[in-house]
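>
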Amino acid sequence: MRVLVTTSPWPTHYFVVQPLAAAFRAAGHEVLVAAQPSMADLVTRSGLPMAAVGSDIDMVDIRRKTLSQELDARQKPGEPARADDGGQVFDTWQQATLANLDPVMDLARTWKPDLVLADTMCPPGLVAAQELGVPGIRHLWGWDFYGSAGSEQILAELPGFYDVYRAHGLDVQGDPARRTVDPCPPSLQPPASPARLQVQYVPYNGAGRAPGPELRRTDKSRPRVCLTWGRSITRIMGERAFLLPRVVRALDGLDIEIVVAADAATHAKLGELPDNVRVLDSPPLHLLLDDCDAIVHQGGSGTVLNAIRVGLGQLAISHMADQDNISAALAGSGAGIHLRGEQAAEEAIRAAVIRLLEDPDIRMSADRLRAEMLSQPTPAQVAAGLDELATAHAHH
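15 is the number of the first residue of the sequence shown in the numbering used here; add one for each residue after it.
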């Protein structure tokens, strides 16, 4: 069968979808990724063919706008909650993610897929599936709310959610996705709708080389802590959200080894570093974490899932709502500690990392969360199930 994959311009979101797309291809299906032109190198280096659709959209600029709206919508003391607190933010995302709707629709009509796999931030894929009458599958990359139980009421309250379907003559009720594929351990998510389909998270972090043997740890008695700060948070929020130097200062003097996963630009901003700190030039994160004891990061979903996969205790220092949600869920599981950026004084960071390394309850919770992740169906198994779904749909 033919599987059309539609993805937003966030590289880390594509990284989460890639293993299932690759599983379809490994099973003998035709796979085509539809993405904006700027994603071409990243997608093709992942081993999948790509069709460039539409024009490039700077999602960092869009995220800056929605962040401003989120801050404006936050309730002030004594004020009643507003029903439209999330409405303006959603509307901005909707306008941005639908900008390339027509090119995606044209591609789908020409290529005629049997199934569409859509990043949750790329609704044109689901619109195309509805128009073609084939199963549309939404793929999550982190914490979810509108694929959860009771989502039909949430969707009905979001401004303009169904308008794009109606513009194409489609009468859509409830969740337009036939299934929602979720790589998060179920215990981290809100109660799922019946359409939720769990998949085991398999890390893909882009093409890259593994750290060489000279960077492997030889002294296992000395804990190794990984620091990473994602790809976008500083571009969105500015230098006030770049807390890696603060984290390094907070951990100074501890008898630990620190490895920082960062690109050259980030490395340059760190300044002079203590002798126990090494910077690695953006290695694929999962290849580094299996030799670490804990991780400190910005609360990005991809980083959280990578760390769960190897059973690490995590300190998440979040600044934005999507980071807050999954970081709070992680802390609630007992497998990590969550600090909001404004709470992350050096003393709090230092105490949190010491606890990650010394508290056996955190280690047990991290092991439990890892076991839960590994118990989910593999991408190959999910691909086989979706193949059966598409076949049954075609013969219906």
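Glycine included, each C-beta is placed from N, C-alpha and C at the ideal position.
What residues in its chain sit with their C-beta under 7 Å from that of Ala343, if we drop five residues either side in the sequence?
Result list for Ala343: Trp157 and Leu202, in chain order.
> Between Ile322, Phe175 and Pro297, which lies nearest to Pro138 when the distance is taken from Cα to Cα?
Checking every option, the nearest Cα to that of Pro138 belongs to Phe175.
> Could you give the distance in angstroms between the alpha-carbon of Pro63 and the alpha-carbon of Ala48?
Rounded to the nearest angstrom, the two C-alpha atoms are 9 Å apart.
> Rounded to the nearest angstrom, how far is the Cβ of Pro391 from that of Gln214, given a contact under 8 Å?
Right, their Cβ atoms sit about 6 Å apart.
> Might you give, ordered along the chain, the residues of its own chain that have their beta carbon closer than 6 Å to the beta carbon of Asp72, omitting 5 neighbours on each side?
No residues qualify anywhere along the chain.
> Less than 9 Å separating the beta-carbons of Leu34 and Trp125?
Cβ atoms of Leu34 and Trp125: not closer than 9 Å.
> Taking 9 Å as the threshold (C-beta atoms), are Leu353 and Ala330 in contact?
Contact: yes.
> Measure the CB-CB distance between Pro225 and Arg323 and report whether it falls below 9 Å.
Not closer than 9 Å, so no.
> Using CA coordinates, which residue listed in Ala37, Gly147, Ala41 and Ser389 is at the minimum distance from Ala406?
With distances taken between Cα atoms, Ala406 lies closest to Gly147.
> In its own chain, which residues sit with a C-beta less than 6 Å from the C-beta of Pro199, not counting the 5 before and 5 after it?
The answer, listed in chain order, is Leu383, Glu386 and Met387.
> How many Å lie between Leu371 and Leu268 at the Cα?
If I take the Cα positions, the gap works out to 11 Å.
> Mind checking Met135: buried by the 16 CB within 10 Å criterion, or exposed?
Met135 is buried by the Cβ-count criterion.
> Under 9 Å between the Cβ atoms of Ala276 and Leu294?
Yes; because the gap between Cβ atoms is below 9 Å, this pair is in contact.
> Give me, in chain order, the residues of the same chain whose beta-carbon lies closer than 6 Å to that of Ser296; leave out the 5 immediate sequence neighbours on both sides.
These residues qualify, in order along the chain: Asp277.
> Alpha carbon to alpha carbon, how far is Trp155 from Arg39? Give it in angstroms, no decimals.
Going from the Cα of Arg39 to the Cα of Trp155 covers about 20 Å.
> Mapping the DSSP letters down to three states, classify Gln144 as helix, strand or coil.
If DSSP states are grouped into helix, strand and coil, Gln144 belongs with the helices.
> When DSSP builds the beta bridges, which residues end up paired with His311?
Paired residues: Ala330.
> Which partner residues of Arg292 appear in the DSSP bridge assignment?
Arg292 is bridged to Val273.
> For Tyr28, is the classification buried or exposed, using 16 other Cβ atoms within 10 angstroms of its Cβ as the cut-off for buried?
It counts as buried.
> Restricting to Cα atoms, I'd like to know which of Thr26, Ala36 and Cys306 is closest to Ala398.
Measuring from the Cα of Ala398, the nearest candidate turns out to be Ala36.
> Could you tell me the boundaries of the beta strand (DSSP E) in which Gln4 lies?
Absent from the structure is residue 4, since the part of the chain shown begins at 15 and ends at 410.
> Is it right to say Ala181 is buried, meaning 16 or more other beta carbons lie within 10 angstroms of its own, or is it exposed?
Exposed, since its Cβ has fewer than 16 Cβ neighbours within 10 Å.
> Going along the chain, which residues of its own chain have a beta-carbon closer than 6 Å to the beta-carbon of Ala221, five neighbours each way excluded?
Excluding residues within five positions, the ones whose Cβ falls inside 6 Å are Arg59.
> Tell me, which residues are paired with Leu129 by DSSP?
According to DSSP, Leu129 bridges with Val17.
> Would you say Asp72 touches the ligand SAM, meaning its beta carbon is less than 8 Å from a heavy atom?
Absent from the structure shown: the ligand SAM. Ligands present: none.
> Would you mind reading off the limits of the alpha helix (DSSP H) that contains Asp266?
Looking at the DSSP string, Asp266 is not in any alpha helix (DSSP H), and its letter there is neither H nor E.
> When we look at the beta-carbon of Asp98 and count the other beta-carbons within 10 Å, is it buried (16 or more) or exposed?
Note that Asp98 scores 41 on pLDDT, short of 50, meaning its location in the model is unreliable; the coordinates nonetheless yield the value given after this. Classification of Asp98: exposed, given that the 10 Å Cβ count is below 16.
> In this structure, how does DSSP classify Thr124 when only helix, strand and coil are distinguished?
Three-state result, Thr124: helix.
> Just confirm the distance between the C-beta atoms of Glu271 and Arg236, as a whole number of angstroms; I'd bet it's less than 8 Å.
Correct: roughly 6 Å between the Cβ atoms.
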